[in-house]
Amino acid sequence: MGRLIDSTAMCLVCLAFKALVGLEPYDIVGFLASAIAACIMGMLRSGTPRTLVLFAFLAICTALPFAHAFLPVAACLCMFERSPVARPAWIAAWVMAAALFHLQHPVVVLCLCTAAALLAWSTARDLDALRCLLESRDAASAKAFVLSQKNREMAAATEGPTILDGPAPDPLDGLTQRERQIAMLVSRGKDNRAIADELFLSEGTVRNYISTILSKKQLKNRTQLAVLCLNVSER
Numbered sequence: 011m012g013r014l015i016d017s018t019a020m021c022l023v024c025l026a027f028k029a030l031v032g033l034e035p036y037d038i039v040g041f042l043a044s045a046i047a048a049c050i051m052g053m054l055r056s057g058t059p060r061t062l063v064l065f066a067f068l069a070i071c072t073a074l075p076f077a078h079a080f081l082p083v084a085a086c087l088c089m090f091e092r093s094p095v096a097r098p099a100w101i102a103a104w105v106m107a108a109a110l111f112h113l114q115h116p117v118v119v120l121c122l123c124t125a126a127a128l129l130a131w132s133t134a135r136d137l138d139a140l141r142c143l144l145e146s147r148d149a150a151s152a153k154a155f156v157l158s159q160k161n162r163e164m165a166a167a168t169e170g171p172t173i174l175d176g177p178a179p180d181p182l183d184g185l186t187q188r189e190r191q192i193a194m195l196v197s198r199g200k201d202n203r204a205i206a207d208e209l210f211l212s213e214g215t216v217r218n219y220i221s222t223i224l225s226k227k228q229l230k231n232r233t234q235l236a237v238l239c240l241n242v243s244e245r
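For the sequence shown, position 60 (counting from the first letter as 1) is numbered 70 according to the numbering used here, and the numbering increases by one without interruption.
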């Protein structure tokens, strides 16, 4: 979501810049192209389609005069990529636009591109740090659960079997807090992408969590997990 907010903000900044220097009819087309590219990049995950969209938008911003002012949006999208080739691509686009396609106000556009790149880099760094923090917390929770389980086993071996009256067993007993959270989101019909976006995790991490949950509860698929979660009482 932070990436989409940054790229949308840059679209508006570029449109305001064009309004100051003289808005022309085709500039609206450039704005719409920028907004569409930002939305598509926000929906797509890493992979070839995302790269193709990015470089197609860079080509539009480089070669078409009505899109030159929206090069800062391209710079913002480039800096969200992890590829060492994609990140500096906006610099080559600005150079080509200035040298070959009569870029207007090249210094101002370069300053806006630099500001957009720094903003996107800062946002990407913060999101990566948040993801690492959440994954570290989940790993610590898993270790704490293992230690707690060992303590219960040792206590049971020492004290012998006992019969206690108490509430019905929890169907999700044995899962970490993060695993329980993901299991409940699965029961609500959310796919891996939606879960990843909500919890600031990668789709691969979500898949690994779901595989671990299915293994712990000896289930075969997500449907069985959803049925199991229906028995979890509201707390």
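Here a beta-carbon is modelled for each residue, glycine too, at the ideal position from N, C-alpha and C.
Predicted, not measured: the structure shown is a model, and the values here were computed from it.
Put simply, the backbone Cα of F155 is about 24 Å away from that of V237. Runs of the alpha helix (DSSP H) spanning 4 or more residues and lying entirely within the stretch 27–68 occur at 37–53, in chain order.
DSSP places L235 in the uninterrupted alpha helix (DSSP H) bounded by 232–239. Under a 10 Å Cβ-count criterion, T72 is classified as buried, with 16 or more other Cβ atoms of the shown protein chains found around its own Cβ. About 7 Å separates the beta carbons of A126 and V83, which is inside the 8 Å limit, making them a contact pair. When only Cα atoms are considered, R60 and L54 end up about 6 Å apart.
Under the three-pair Cβ rule at 8 Å, the stretch 25–33 counts as touching the stretch 111–122.
Here T186 is buried, its C-beta having at least 16 other C-beta atoms within 10 Å. Cβ-Cβ distances below 6 Å link R190 to L182 in the same chain, with the five nearest sequence neighbours on each side left out; the list follows chain order. Taking every protein chain shown into account, the CB of H78 has 16 or more other CB atoms within 10 angstroms, so this residue is buried. Scanning its chain for C-beta atoms nearer than 7 Å, with the 5 sequence neighbours on each side dropped, one finds around M89 the residues R97, A127, A130, W131, A134, in chain order. Of the residues assessed, M164 falls on the exposed side of the cut-off, its CB having fewer than 16 other CB atoms within 10 angstroms. With contacts defined as CB atoms closer than 7 Å, A85 and C123 qualify as a contacting pair. Taking 7 Å as the cut-off, the beta carbon of L87 is found closer than this to the beta carbon of S17.
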